[in-house]
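Every letter in the sequence shown is one number past the one before it in my numbering, and letter 153, counting from 1, is 618. See structure below.
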Amino acid sequence: MFYYDWTIILLIPGLILSLWAQGRVKSAYSKYSKVFTQRGLPAQDVAGMMLDSQGAGNVTVTSTQGTLTDHFDPATDTLRLSQGVYGSSSVAAVGIAAHEAGHALQKQDGYAPLNLRTVMVPTVNIGSRLAWPIFVAGMIFSWRPLMYAGIGLFALAVLLSLITLPVEFDASRRAKALLADSGYFTQEELTGVNKVLNAAALTYVASFLSALLSLLRLLLLTQRRRR
Ligand SMILES: [Zn+2]
């Protein structure tokens, strides 16, 4: 649902930051997926070694379709690496695989933000899809409780994207530390990994900022109706 009025201007900074962050991820990925590590270890082996070294050998590492679709599934303890990552020994592939292994290690450690995120995701995803229709219905019928219900649902989505920040930053922190400690990678390769992971982290900051600005916009729309 698209509602046009001046408050739409509020969404522009989030949109610009998101596009910029996505551009940075794409350029970092396309650069470092062509730079290969000297050791030549494929990404899935790097992830496997990281997991084994931390006592998380129960996690299965497998491949999945698509580009940059890499993720850790906490429900099945499966780490799925995308086509460009699985089997590749590039700096980008190693960094991404290590980051996903970082999520698996978070689960093993009982890292609270990850647990909270896992619990919230299914409900919040449904709720955030209903937020706009409910809010707009509230506006149409000039029924404030419905508008606030929409805002409440949207606020939960903002909260989820806030909780995602420490989860993502911590996974990258673990990845960088374990890759450096392994002694398998040169300083130059580790710098490349940092660039790829930092660019990816920025997209989560952009998502949070966009969601926050959308929430602010909804609140402003409610105020306007009051006058
Ligand atoms: Zn992640």
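Note that the Cβ used here is the ideal one computed from N, Cα and C, for glycine as well.
At the C-beta level, Val556 and Val658 come within 8 Å of one another.
Between the beta-carbon of Gln503 and that of Thr651 there is about 6 Å, and that keeps the pair under the 8 Å contact cut.
Counting every other CB atom within 10 Å of its CB across the protein chains shown gives Pro610 a total below 16, marking it as exposed. For Pro539, the closest alpha carbon among the candidates Leu621, Leu546 and Val524 is that of Val524. With a beta-carbon spacing of about 6 Å, Leu627 and Phe673 fall inside the 8 Å limit used to define contacts.
Not one heavy atom of ligand 1 is found less than 7 Å from the C-beta of Ala563. In the structure shown, Arg504 falls within a coil segment according to DSSP collapsed to helix, strand and coil.
In the three-state scheme derived from DSSP, where H, G and I count as helix and E and B as strand, Thr588 is classed as helix. Just so you know, the alpha carbons of Gly505 and Ser495 end up roughly 18 Å apart. With respect to the C-alpha of Ala676, the residue from Trp471, Leu482 and Asp470 having the closest C-alpha is Leu482.
By the C-beta density criterion, Arg594 is exposed, having fewer than 16 other C-beta atoms within 10 angstroms. Relative to ligand 1, the beta carbon of Ala493 is positioned no closer than 7 Å to any heavy atom. Look at the beta carbons and you see the region 565-579 touching the region 515-529: at least three pairs across the two are nearer than 8 Å. In the DSSP assignment, Leu480 falls outside any beta strand (DSSP E) and lies within the alpha helix (DSSP H) extending over Leu476 to Tyr497. Here the alpha carbon of Pro598 sits roughly 45 Å from the alpha carbon of Gly522.
One residue after another in chain order, those with a Cβ under 5 Å from a heavy atom of ligand 1 are Glu633 and Ala636. Counting the other Cβ atoms within 10 Å of the Cβ of Ala577 gives fewer than 16, which makes it exposed. Going by DSSP, Ser626 is part of no beta strand (DSSP E) but of the alpha helix (DSSP H) stretching over Arg609 to Ser647.
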